[in-house]
Amino acid sequence: MRRPHVYHFAPFFTSPGRASLTPTSAPAASSPAALLAELYAVATAAVDPGPALAGRLRSLGPADAARPWLIALGKAAQPMARAAVAALAARGLEPAGGLVISPQGDSP
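986 is the number of the first residue of the sequence shown in my numbering; add one for each residue after it.
See the structure below:
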């Protein structure tokens, strides 16, 4: 039985204007359970909002002199806010303030 190629979906916001489906190397999994675990790991890494947002923010032009306000809402609010603060820090900036609203039980 041939193993299918593992594909990694590159989210549209990491490559502005383009989505792509690119084959990677053959899976290293030795069993169906290991293959499913590997596919799950690749899929969850591909949709992690923190790295996706950080990549998009790095692609933007030079930062304005004014300190920005951050607003993050929803299930991905915490990782998005952390990524935005880290991206600002990499530019020598910090947010002037912000609002982060996430589901009950989430905390930074």
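Even glycine gets a Cβ: it sits at the ideal position worked out from N, Cα and C. Predicted, not measured: the structure shown is a model, and the values here were computed from it.
Delimiting residues of the alpha helix (DSSP H) encompassing residue i
i: GLY1035; result: 1034 to 1043
i: ALA1057; result: No alpha helix (DSSP H) contains ALA1057, which is instead part of the beta strand (DSSP E) from 1054 to 1058.
Residue from the options with nearest C-alpha to residue i
i: PRO1088; options: ALA1026, VAL1070, LEU1058 and GLY1082; result: LEU1058
i: LEU1055; options: SER1016, PRO1080, PRO1036 and VAL1032; result: PRO1080
i: GLY1094; options: PRO1017, GLN1063, TYR1025 and ALA1018; result: The chain is shown only over 986 to 1093; residue 1094 falls outside these bounds and no answer can be derived.
i: ILE1086; options: LEU1078, ARG1076, ALA1061 and ALA1075; result: ALA1061
i: MET1065; options: ARG1076, ASP1033, ALA1019 and LEU1020; result: ASP1033
Integer Cβ distance of residue i from residue j, believed to fall under 8 Å
i: LEU1045; j: ALA1069; result: Not really, about 11 Å apart at Cβ, beyond 8 Å.
Buried versus exposed, by CB contacts within 10 Å (16 or more), residue i
i: PRO1008; result: Reliability fails at PRO1008, whose pLDDT of 49 lies under 50, so the model's placement of it is uncertain and the value that follows must be treated cautiously. PRO1008 comes out exposed.
i: ALA1037; result: buried
For residue i, the first and last residue of its enclosing beta strand (DSSP E)
i: LEU1084; result: 1082 to 1086
8 Å Cβ cutoff met for residue i and residue j
i: ALA1072; j: ALA1028; result: no
i: LEU1078; j: ARG1052; result: yes
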